[in-house]
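Trainee: One point on numbering: in our numbering, the residue at position 87 of the sequence shown is 836, and numbering is uninterrupted.
The beta carbon of each residue, even a glycine, is placed where N, CA and C say it ideally should be.
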Amino acid sequence: MDDRRTRFFWSLSILLAVVIILWETYSLVTLHNQRVGYELSMKRELGTDVELDSVINFLEARLEERAEFRFKANENPLDLSRAVYLTDNAAELFQFRQKNTIRVSAVVYGIEPMAVVQFHGENMQLAVGDSVAGERVIDITPEGMATLKNGGRNLYKITAATLSPEEIEKIRQNRRLSYEETN
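#1: According to DSSP, which residues form a beta bridge with residue 896?
#2: Using a 10 Å radius around the Cβ and a threshold of 16 neighbouring Cβ atoms, would you call residue 853 buried or exposed?
#3: Would you call residue 864 buried or exposed, if buried means 16 or more other Cβ atoms sit within 10 Å of its Cβ?
#4: In the DSSP output, what is residue 881 paired with across the bridge?
#5: Spatial neighbours of residue 888 within its chain, please: CB distance less than 6 angstroms, with the 5 preceding and 5 following residues excluded, ordered by chain position.
#6: What residues are listed by DSSP as bridge partners for residue 868?
#7: Going by DSSP, name the residue or residues bridged to residue 754.
#8: Give the secondary structure of residue 815 by DSSP, where H, G and I count as helix, E and B as strand, and everything else as coil.
#9: Is residue 793 helix, strand or coil by DSSP?
#10: Assign residue 866 to buried or exposed, taking buried as 16 or more other Cβ atoms, counted over all protein chains shown, within 10 Å of its Cβ.
#11: If residue 861 and residue 876 are in contact, beta carbons under 8 angstroms, what's the gap, nearest whole angstrom?
#12: Under a Cβ-count criterion, where at least 16 other Cβ atoms within 10 Å of its own Cβ denotes burial, should residue 886 be classed as buried or exposed?
#13: Can you have a look at residue 884 and say buried or exposed, based on whether 16 or more other CB atoms are within 10 angstroms of its CB?
#14: If I measure Cβ to Cβ from residue 902 and keep anything under 7 angstroms in the same chain, skipping five residues before and after, which residues do I get?
#15: Just grab the DSSP bridge partners of residue 785 for me.
#16: What does a CB cutoff of less than 7 angstroms around residue 836 pick up in its chain, not counting 5 residues either side in sequence?
Now the structure itself:
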């Protein structure tokens, strides 16, 4: 019986020692975390946050880089006429007026060949050597007009355009007015 009692007390004392060790370990870890937090707070300067300051400096530097970046597109990315094709002749004329597109409507051969060109709704007569929209005319053929821009050669073929009924009526009114003024 004495042996059981001794074994019980030893088991109880070992169990109690393990519980005390676990309790002390937990207390020391908590105390260590509090001390680390206190040391970190002592390192920080009052009124400034070094991490926030570095993030702000980084973001300001990126903003300056982006502000200096200049994007140059050869074509207007918002122009849907490259994805949506209209087959109506009047719509084709409308597309030419909306885009920064050169449209050759006629070629005239005389002493010097000339091309009748429409750009931004304005009609122009161009000869070899003239410029329009940053492109220099290098050749005028019966098929159209060849231009040179940034080392690239472009050929604009003659394209006919159909006028809308409103445009036809406007031309008729202008002719009537000019006829009445001359008579």
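Mentor: This is what the structure gives:
#1: Locating residue 896 in the sequence shown gives position 147, where the first residue counts as 1. Per DSSP, 886 and 903.
#2: As a first step, residue 853 must be located in the sequence shown, where it is residue number 104. It counts as buried.
#3: The residue given as residue 864 occupies position 115 in the sequence shown. Residue 864 comes out buried.
#4: Counted from its first residue, the sequence shown places residue 881 at position 132. Partner residues in the beta bridge of residue 881, as assigned by DSSP, are 884.
#5: Looking up residue 888 in the sequence shown gives position 139. Counting only Cβ-Cβ distances below 6 angstroms, and skipping sequence neighbours, we find 895.
#6: In the sequence shown, counting from the first residue as 1, residue 868 sits at position 119. DSSP, once it has assigned bridges, lists 871 as partnering residue 868.
#7: Position 5 of the sequence shown, counting from 1, holds the residue named residue 754. For residue 754, which the question treats as bridged, DSSP gives no partner whatsoever.
#8: Residue mapping note: residue 815 aligns to position 66 of the sequence shown, counting from 1. DSSP places residue 815 within a helical segment (H, G or I) once states are collapsed to three.
#9: Walking along the sequence shown from the start, residue 793 turns up at place 44. In the three-state DSSP reduction, residue 793 falls in the coil class, being neither helix nor strand.
#10: Locating residue 866 in the sequence shown gives position 117, counting from the first residue. Per the 10 Å Cβ criterion, buried.
#11: In the sequence shown, counting from the first residue as 1, residue 861 sits at position 112. In the sequence shown, counting from the first residue as 1, residue 876 sits at position 127. Right, the Cβ-Cβ distance comes to about 5 angstroms (below 8 angstroms), so this counts as a contact.
#12: In the sequence shown, counting from the first residue as 1, residue 886 sits at position 137. Buried, because 16 or more other Cβ atoms sit within 10 Å of the Cβ of residue 886.
#13: Here residue 884 is taken as the residue at index 135 of the sequence shown, counted from 1. That one is buried.
#14: For the purposes of this step, residue 902 is taken as residue 153 along the sequence shown, with counting starting at 1. Taken in chain order, the residues that qualify are 895.
#15: The residue labelled residue 785 in the question sits at position 36 within the sequence shown. Residue pairing for residue 785: DSSP places it in no beta bridge.
#16: Counting from 1 along the sequence shown, the entry for residue 836 is found at position 87. Confidence at residue 836 is low in this model, with a pLDDT of 49, below 50, so its placement is unreliable and the value that follows should be read with caution. Excluding sequence neighbours, residue 836 sits near nothing in its chain.
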